[in-house]
Amino acid sequence: MPYPSVTETSPPGGAAHPLIRAGCHALRLLRRVADVAVLALLAYMACAILAQVVGRYFFNYSIAWSEETATFAQVWLTLLGAGVAMRYNQHVGVDFLILKAPLAVQRVVNGAAFLLGVWFLGVVIVGSLSMLSIGMMVKSPALRLPMAIPYAALPVGFGYFLLEFALSTLPRVLRPGATRTEEN
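Per UniProt numbering, the sequence shown starts with residue 1, numbered consecutively.
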């Protein structure tokens, strides 16, 4: 593994600190929830769209709620999926020149990228929180649900992305030249 596990960072002959164990357990649980949510949202979206197509073309009846909920599922899927993709280093990145640079330059560039990324995600999260209060007053057209439900995907999705971004980027800042070949 490219990054040390809990047991590798434990004191010799001793167990890892309880907070480290709890944090690792919480991270594993959060990642499992994100994985299951992404799969469930994708499956639901496919079924809802199929129901909409069957209803419209075979029965000449439009199922309004299926289209609306499929759209909500797509928003949640995209934003949670971005965090899952970040965990597996699946986002497009061009690091050819950075990897050829001296380690000090790598550290500066990776540090600047980390700070810029955290700043951007923080701005998006804070901005999306104000949308939640507006979303409580607005109802969706078909189901009359508060629009805060789809709007909540923004702070939740970008919050999860921020966590995975930090976990992915910090090791490159602290240990330039380290490559990430598998999930930590």
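Quick reminder that beta carbons are idealized off the backbone N, C-alpha and C, glycines included.
By the 10 Å Cβ neighbour count, where 16 or more other Cβ atoms means buried, how is Q74 classified, buried or exposed? In the sequence shown, residue 74 corresponds to position 74, counting from 1. With 16 or more Cβ atoms within 10 Å of its Cβ, Q74 is classed as buried.
Alpha carbons only, please: which of L143, R56 and G157 is nearest the one belonging to I125? As a working note, residue 125 is residue 125 in the sequence shown. For I125, the nearest C-alpha among the options comes from G157.
In whole angstroms, what is the alpha-carbon distance linking K100 and F114? Along the sequence shown, one-based indexing puts residue 100 at 100. Along the sequence shown, one-based indexing puts residue 114 at 114. Computed Cα separation, rounded: 19 angstroms.
Using the C-alpha atoms, what's the distance from E68 back to L143? What you label residue 143 is simply residue 143 of the sequence shown in a count that begins at 1. What you label residue 68 is simply residue 68 of the sequence shown in a count that begins at 1. The straight-line gap from Cα to Cα measures roughly 8 angstroms.
Name the DSSP bridge partner or partners of C146? If you number the sequence shown from 1, residue 146 lands on position 146. Reading the sequence as shown, one finds Pro at residue 146 and not Cys. K139.
Between the CA atoms of G135 and A16 - distance to the nearest angstrom: Here residue 16 corresponds to residue number 16 of the sequence shown, with the count starting at 1. Here residue 135 corresponds to residue number 135 of the sequence shown, with the count starting at 1. Roughly 43 angstroms between the two C-alpha positions.
Pull up the distance between the alpha-carbon of A70 and that of L41, whole angstroms please. On the sequence shown, position 70 is the one that residue 70 refers to. On the sequence shown, position 41 is the one that residue 41 refers to. Looking at the two C-alpha atoms, the distance is approximately 9 angstroms.
Give me the Cα-Cα distance between W65 and L121, rounded to the nearest whole angstrom. On the sequence shown, position 65 is the one that residue 65 refers to. On the sequence shown, position 121 is the one that residue 121 refers to. Whole-angstrom Cα-Cα distance: 32 angstroms.
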